[in-house]
Amino acid sequence: MDAVNLDRTIAGAGTGADAWRGDARLAAVPAASAGDLVPPGARLVVVAPHPDDEILACGGLLQLLARPPLLVAVTDGEASHPGSAAWPPERLRATRPGETLAALACLGIDAAPMLRLGIPDGGVKAAEADLAQQLAGIVEPGDVLVTTWRYDGHPDHEATARACAAAAAQRGARLLEVPIWGWHWSAPTDTAMPLTDAAKLLLTPANLARKRAAMACFASQVQPDAGRGADPVLTAAILDRLLNPFELYFHEPARAF
Ligand SMILES: [Zn+2]
36 MDAVNLDRTI AGAGTGADAW RGDARLAAVP AASAGDLVPP GARLVVVAPH
86 PDDEILACGG LLQLLARPPL LVAVTDGEAS HPGSAAWPPE RLRATRPGET
136 LAALACLGID AAPMLRLGIP DGGVKAAEAD LAQQLAGIVE PGDVLVTTWR
186 YDGHPDHEAT ARACAAAAAQ RGARLLEVPI WGWHWSAPTD TAMPLTDAAK
236 LLLTPANLAR KRAAMACFAS QVQPDAGRGA DPVLTAAILD RLLNPFELYF
286 HEPARAF
């Protein structure tokens, strides 16, 4: 067995898409429909630590539900290009939420309400209690919250999930958590992902193509930063790993690291 990276460090190339696609445990996760995940009449509230996480996490679910969610943008994602002359924080802050709206339009969702909380990118953990309080004022009983996995490895993703869990418990909402960076640091050879408390939303090739097109709307993230000579924040390999023919939702994450 390979070394188990349970400290959740996001470094290097990470686990490849092919490794995950051959995993028997992942293949055995039961399927759920969009209506199973978000019952008729329930409001979907997508809480994104950074603009793009909402599409990376649940671009398939958003298409299949075909009704506008309430989007909560925790940060504006202004820290994705540290030291870049081409992408200083103020440009990212002005650009990235608009990329989310373009991506939603690509999924057939126009005029989704978006609440921008303006918490500093990279500073969600420090603002976690405040975020939980703000979310408790937004969430209503019966809502379904979708956010990133509480053990995703990125501190903003983990803090956002913990705040969502607190608000969901307080308000009587359902919480679904989605791995983004978990696919990178975890591997089929470890058991970090709570696959026994998970459901898969199956995506058709057409769903997947539309999700891919929506991901391409995040020009700030998918194009190289020529000024720095740097790779895109979201490289082709990262995007490929996120474009599974299903989305994975954890519904009872009980594991503690
Ligand atoms: Zn993120």
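First residue of the sequence shown: 36, per the working numbering; consecutive thereafter. Just so you know, even glycine gets a beta-carbon here, dropped at the ideal spot from N, CA and C.
Where the beta strand (DSSP E) containing residue i begins and where it ends
i: A83; result: 79-83
i: A233; result: 233-237
i: L283; result: 281-285
i: V181; result: 179-183
i: R209; result: 209-213
i: L230; result: Looking at the DSSP string, L230 is not in any beta strand (DSSP E), and its letter there is neither H nor E.
i: R102; result: From DSSP, R102 is part of no beta strand (DSSP E); its letter is neither H nor E.
i: R43; result: No beta strand (DSSP E) holds R43; DSSP gives it neither H nor E.
i: L150; result: 149-151
Endpoints, the alpha helix (DSSP H) within which residue i is located
i: L243; result: 240-250
i: R131; result: 124-141
i: R56; result: 52-56
i: V257; result: 254-257
i: R276; result: 271-277
i: A161; result: A161 -> no alpha helix (DSSP H), and no H or E assigned at all.
i: A66; result: Segment: none, A66 is in no alpha helix (DSSP H) and carries neither H nor E.
i: A120; result: Counting along the chain, A120 falls outside any alpha helix (DSSP H), and DSSP gives it neither H nor E.
i: R197; result: 190-206
i: W220; result: 217-220
Sequence-distant residues of its chain with Cβ nearer than 7 Å to residue i (five each side left out)
i: G262; result: S119, A120, A121
i: M36; result: In this prediction, M36 scores a pLDDT of 35, lower than 50, which makes its location untrustworthy; no coordinate-derived value is stated.
i: C199; result: V82, L170, L180, T182, L210
i: A69; result: L96, L99, L100, L236
i: D266; result: P259
i: A137; result: C252
i: M228; result: P214, G217, S221
i: A38; result: Because A38 sits at a pLDDT of 42, beneath the cut-off of 50, its placement in the model cannot be relied upon, and the following sentence gives the value as read from the coordinates. Nothing meets the Cβ criterion.
Cutoff 8 Å; reference residue i; Cβ partners in own chain excluding five residues on either side
i: L152; result: V107, A108, V109, T110, L166, Q169
i: T44; result: G188, W220
i: A54; result: A222, P223
i: P240; result: P280
i: R56; result: N279
Close beta carbons around residue i, own chain, < 6 Å, minus the five adjacent residues each side
i: A248; result: C141
i: A202; result: A167, L170, A171, V174
i: G51; result: none
i: D275; result: A52
i: K246; result: G94, G95
i: G49; result: H219
i: D156; result: T110, G112, E113, A114
i: K160; result: P190, A194
i: H192; result: P84, T183
Contact with chain B by residue i, beta-carbon distance below 8 Å
i: T226; result: As a matter of chain content, chain B is missing from the structure shown, which is built from one protein chain.
Whole-number beta carbon distance between residue j and residue i, since they are thought to touch under 8 Å
i: L269; j: G95; result: No, L269 and G95 are not in contact; Cβ-Cβ is about 17 Å, not under 8 Å.
i: D145; j: V80; result: Not really, about 18 Å apart at Cβ, beyond 8 Å.
i: L127; j: H116; result: 6 Å
i: Y284; j: A233; result: 6 Å
i: L243; j: L277; result: No, L243 and L277 are not in contact; Cβ-Cβ is about 11 Å, not under 8 Å.
i: A164; j: I154; result: The Cβ separation is near 12 Å, so there is no contact.
i: P86; j: P132; result: 5 Å
*Within 5 Å of ligand 1: residues by beta-carbon to any heavy atom*: Here the list is P84, H85, D88.
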